[in-house]
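Participant: Protein chains in written order, with the numbering used here: chain A, 473 to 651; chain B, 540 to 723; chain C, 21 to 208.
A virtual CB, placed ideally from N, CA and C, is assigned to each residue, including glycine.
Please read all numbers here as calculations on a predicted model, not as lab measurements.
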Amino acid sequence: MSFLESRVQQRFAGYVRKYQHRIYGFAVYFLGDRTEAEDVAQDVLLRLWQHRDDIEEERLLGWLLRVTRNACVDALRRRKVKHAVMTSDADVYGLAEGTEPYPDSYAEAVDFQEHLRRALDRIAEPYRSIVILREVQELKYEEISGVLNLPLNTVKVYLHRGRKMLREQLSEVLHRETV
Amino acid sequence: MWKRLLFCGWMLVLVAPAWAQDAIERDPGYVNLDEIEGWFSKEPKIVVNVKGALLNLVAEASRYEDPELADLLRKLKSIQVRGFDLRWSDFEDVQRRATALSRRLESRGWDTVVRVRDEEEYVDIHVRVEGGTIAGMVVMVVSPDEDETVFVNIVGQIDPEQIGRLGRKFDIEPLNDMTLKRDF
Amino acid sequence: MKPSNPSFRDWMDAHVEAYLDGDLAVDERADFEHGLAAGSDWEAELFLAGQIRDGLRALPRPACPPRVTEAVLAQVRREVHATWKDQFRNRLQQQLGALWQPALAMTVLLLLVVSAALIGRPAQPQDTFAEAQVQQALVEVQWALGYLSEVSRETGKVVRDEVIADRVVSPVQQALTARSHRSNDMQP
Numbered sequence: 473m474s475f476l477e478s479r480v481q482q483r484f485a486g487y488v489r490k491y492q493h494r495i496y497g498f499a500v501y502f503l504g505d506r507t508e509a510e511d512v513a514q515d516v517l518l519r520l521w522q523h524r525d526d527i528e529e530e531r532l533l534g535w536l537l538r539v540t541r542n543a544c545v546d547a548l549r550r551r552k553v554k555h556a557v558m559t560s561d562a563d564v565y566g567l568a569e570g571t572e573p574y575p576d577s578y579a580e581a582v583d584f585q586e587h588l589r590r591a592l593d594r595i596a597e598p599y600r601s602i603v604i605l606r607e608v609q610e611l612k613y614e615e616i617s618g619v620l621n622l623p624l625n626t627v628k629v630y631l632h633r634g635r636k637m638l639r640e641q642l643s644e645v646l647h648r649e650t651v
Numbered sequence: 540m541w542k543r544l545l546f547c548g549w550m551l552v553l554v555a556p557a558w559a560q561d562a563i564e565r566d567p568g569y570v571n572l573d574e575i576e577g578w579f580s581k582e583p584k585i586v587v588n589v590k591g592a593l594l595n596l597v598a599e600a601s602r603y604e605d606p607e608l609a610d611l612l613r614k615l616k617s618i619q620v621r622g623f624d625l626r627w628s629d630f631e632d633v634q635r636r637a638t639a640l641s642r643r644l645e646s647r648g649w650d651t652v653v654r655v656r657d658e659e660e661y662v663d664i665h666v667r668v669e670g671g672t673i674a675g676m677v678v679m680v681v682s683p684d685e686d687e688t689v690f691v692n693i694v695g696q697i698d699p700e701q702i703g704r705l706g707r708k709f710d711i712e713p714l715n716d717m718t719l720k721r722d723f
Numbered sequence: 021m022k023p024s025n026p027s028f029r030d031w032m033d034a035h036v037e038a039y040l041d042g043d044l045a046v047d048e049r050a051d052f053e054h055g056l057a058a059g060s061d062w063e064a065e066l067f068l069a070g071q072i073r074d075g076l077r078a079l080p081r082p083a084c085p086p087r088v089t090e091a092v093l094a095q096v097r098r099e100v101h102a103t104w105k106d107q108f109r110n111r112l113q114q115q116l117g118a119l120w121q122p123a124l125a126m127t128v129l130l131l132l133v134v135s136a137a138l139i140g141r142p143a144q145p146q147d148t149f150a151e152a153q154v155q156q157a158l159v160e161v162q163w164a165l166g167y168l169s170e171v172s173r174e175t176g177k178v179v180r181d182e183v184i185a186d187r188v189v190s191p192v193q194q195a196l197t198a199r200s201h202r203s204n205d206m207q208p
């Protein structure tokens with residue numbers, strides 16, 4: 473192995489260490505399934521290796537999240553083939569609502585965060601992505617706009633709509649529990 | 540010296556059959572679609588390679604049932620198709636490579652007659668005109684929304700109106716469910 | 021607009037999150053606060069919206085399992101190693117090529133003897149195809165033509181008008197095309 477090749481690999485390994493959790497974390501919350509999220513993360517990181525010469529470092533995070541999101545969309549479409557699904561009106565890509573239970577969730581502990589996770593699994597695209605990117609991954613509006621190729625104002629409107637959908641779901645769930 | 544001359548002469552004799560077989564590849568209307576297979580991680584779902592003697596036999600086979608099809612096929616030299624499943628995650632990459640291929644074709648004298656670009660679909664149709672007739676056609680369709688990427692190259696004396704008219708007779712819907720790959 | 025008006029209720033419902041994030045314009049903010057003052061329902065909704073936002077921000081950040089990154093780096097190492105091997109092999113072949121020329125010349129001389137027996141024998145073209153192969157090829161050709169026709173229809177372009185008309189206009193071809201259309205129209 474030449475000295476130059478090992479430098480390239482070392483730099484790639486550095487990027488993997490830097491971004492692995494963010495990629496995986498997005499996929500976990502998007503898909504609600506850790507096994508699928510692992511597959512997506514592996515797929516995305518290998519794509520990064522294949523495209524290592526094509527992406528400038530300052531655009532890397534946006535590229536990674538965009539590729540991760542697209543890979544998650546593909547994973548949901550494959551899941552749609554296997555399960556009977558319902559689609560929502562705002563479902564741009566005809567995606568299934570999440571049907572998989574959160575695998576390592578605290579099944580017996582019905583707490584607010586658990587309700588929140590389940591509700592997140594049920595809102596449609598692109599609201600799900602935007603809520604995850606903004607509230608969980610703490611991206612700026614401009615960064616989300618770049619990842620999803622949406623105008624800035626649209627990102628804000630969709631973020632509010634996504635959280636409103638969560639509120640509607642949680643309001644119903646919490647009301648049932650109270651009753 | 541005489542050894543080298545004899546060597547060159549006999550090598551020419553030995554490669555002559557191979558030379559003839561590569562004639563279609565030197566046709567200006569021909570585009571080798573094999574390189575496209577390298578863009579995708581999976582094998583193509585649809586592979587069509589009908590040329591030369593096989594194309595002549597197909598024309599003969601349709602002579603009685605569909606004389607117009609036979610007439611069209613006799614004027615053609617090669618039909619190639621490659622079809623792949625396409626995931627959204629591959630869309631940008633494939634679109635970029637297809638754009639690069641389009642530019643290479645244009646630099647080699649192909650005309651772009653159709654170009655569709657939107658968020659969910661990419662279509663290019665190129666033709667190669669030689670001596671006032673269309674000698675080659677390339678169609679590239681990249682459409683992840685339809686799970687479809689198809690590349691077509693036709694070589695020969697092409698009449699697009701005739702293709703369009705004849706093609707309407709063939710219902711491709713059921714064929715879409717097939718994987719077109721000849722095993723023999 | 022009265023707070024009890026259904027349109028106003030919808031408006032309030034649609035702006036809870038924007039109010040919470042401070043994204044409303046001054047007049048919209050005033051309207052929202054007017055609605056808040058009118059009923060406790062909206063305070064409850066606002067409280068829930070705040071819980072949701074805080075809850076999302078407090079969600080744990082799952083750590084990527086080491087097996088994922090190990091698998092990726094192992095795959096990269098395999099690819100790099102394979103590339104290095106291929107490059108080494110190519111360089112070796114180039115360097116040894118010159119040394120193999122005398123051996124190749126000997127091989128060619130042997131081939132001369134063999135090919136002397138083959139000269140005059142016509143080349144065997146690839147034209148012996150089984151009937152099934154021809155039928156399969158016919159299916160493929162029909163599919164290709166059907167597909168092209170569909171693509172052309174969908175993009176709505178007639179290639180010939182866009183290309184040939186500018187270069188060579190053939191009155192004979194146009195007359196034949198018109199006659200062919202008429203005969204097609206007459207077919208049942």
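1. Under a three-way DSSP split, which group does ASN571/B fall into?
2. Note down the Cα distance separating VAL178/C from LEU536/A, rounded to an integer number of angstroms.
3. Which bits of chain C does SER601/B rub up against, with CB to CB less than 8 Å?
4. Please report the straight-line C-alpha distance between GLY534/A and VAL619/A, rounded to a whole angstrom.
5. Classify GLY570/A: buried if its beta carbon has 16 or more other beta carbons within 10 angstroms, exposed otherwise.
6. Kindly list the residues whose CB is nearer than 6 Å to the CB of PRO573/A, restricted to its own chain and excluding five residues on each side of it in sequence; keep chain order.
7. In chain C, which residues lie less than 8 Å from PHE709/B when you measure between Cβ atoms?
8. Distance, Cα to Cα, MET126/C vs LEU132/C?
9. Would you mind giving the Cβ-Cβ distance between MET676/B and ALA637/B, rounded to the nearest angstrom? I have them listed as a contact below 8 Å.
10. With 9 Å as the threshold, decide whether the Cβ of ARG519/A is near any Cβ in chain B.
11. Does ASN692/B come out as helix, strand or coil in the three-state DSSP assignment?
12. Quick one: is SER580/B buried, meaning 16 or more other Cβ sit within 10 Å of its Cβ, or exposed?
13. For GLN619/B, write down the residues that DSSP places opposite it in a beta bridge.
14. Can you give the beta carbon distance from VAL100/C to GLN492/A, rounded, assuming they're within the 8 Å contact cut?
15. Relative to the alpha-carbon of PRO683/B, which residue among ARG565/B, ARG656/B, PRO567/B has its alpha-carbon at the smallest distance?
16. For ASN588/B, which of ALA609/B, ILE575/B, ARG613/B, VAL620/B has the nearest alpha-carbon?
17. Can you grab the Cα-Cα spacing for the pair PHE3/C / GLU53/C, in whole Å?
18. Could you tell me which chain A residues have their CB closer than 9 Å to the CB of GLU37/C, listed as they occur along the chain?
19. Tell me where the alpha helix (DSSP H) around ILE457/A begins and ends.
20. Verify the CB distance criterion: does ILE602/A have a CB-CB separation below 9 Å to chain C?
21. Please classify HIS101/C: does DSSP put it in a helix, a strand, or coil?
22. Name, please, each residue of chain C whose Cβ falls closer than 8 Å to the Cβ of LEU618/B.
23. Using only the alpha-carbon positions, how far apart do GLN522/A and VAL545/A sit?
24. Whose Cβ in chain B lies nearer than 8 Å to the Cβ of VAL545/A?
25. For the beta strand (DSSP E) that ASP663/B lies in, which residues bound it at each end?
26. Could you check how far apart the C-beta atoms of GLN696/B and LYS614/B are, in whole angstroms? I think they sit under 8 Å.
27. For GLY75/C, which three-state DSSP category applies?
28. Compute the Euclidean distance between the alpha carbons of ARG635/A and ILE702/B, then round it to the nearest angstrom.
29. Measuring CA to CA, which of TYR661/B, ALA639/B, VAL666/B is closest to THR509/B?
30. For PHE502/A, count the other beta carbons within 10 Å of its own beta carbon; 16 or more makes it buried, fewer makes it exposed. Which is it?
Facilitator: To lay it out plainly:
1. Reduced to three states, the DSSP call for ASN571/B is coil.
2. Low confidence applies to VAL178/C: its pLDDT is 42, below 50, so where it sits in the model is not reliable enough to give any reading.
3. Within chain C, the C-beta atoms nearer than 8 Å to that of SER601/B come from LEU158, in chain order.
4. 5 Å
5. Legend: pLDDT at GLY570/A = 44, less than 50; position of this residue unreliable, no value from coordinates given.
6. At PRO573/A the pLDDT is 45, less than 50, meaning the model places this residue with poor confidence and gives no usable figure here.
7. Chain C residues near PHE709/B: GLN162, TRP163, LEU165, GLY166, SER169.
8. 10 Å
9. That belief does not hold up - the Cβ atoms of MET676/B and ALA637/B are roughly 16 Å apart, past 8 Å.
10. True, the Cβ-Cβ gap to chain B drops below 9 Å.
11. strand
12. exposed
13. ASN588/B, ASN692/B
14. With 8 Å as the limit, VAL100/C and GLN492/A do not qualify as a contact, their Cβ atoms being about 20 Å apart.
15. Measuring from the Cα of PRO683/B, the nearest candidate turns out to be ARG656/B.
16. It is VAL620/B.
17. Because residue 3/C is not part of the residues shown, which for chain C are 21 to 208, the question remains open.
18. LEU631, HIS632, ARG633, GLY634, ARG635, LYS636, ARG639
19. Within the shown structure, residues of chain A are numbered from 473 to 651, placing residue 457/A beyond reach of any answer.
20. Judged by the 9 Å Cβ criterion, ILE602/A is not in contact with chain C.
21. helix
22. According to the sequence displayed, residue 618/B carries Ile and not Leu. Result: GLU160, VAL161, ALA164.
23. Between the alpha carbons of GLN522/A and VAL545/A lies a distance of about 21 Å.
24. Under a criterion of Cβ atoms nearer than 8 Å, the residues of chain B adjacent to VAL545/A are, in order, TRP627, SER628.
25. Residues 660 to 669.
26. 4 Å
27. helix
28. In a straight line, the C-alpha of ARG635/A is about 53 Å away from that of ILE702/B.
29. No answer is possible for residue 509/B: the residues shown for chain B start at 540 and end at 723.
30. buried
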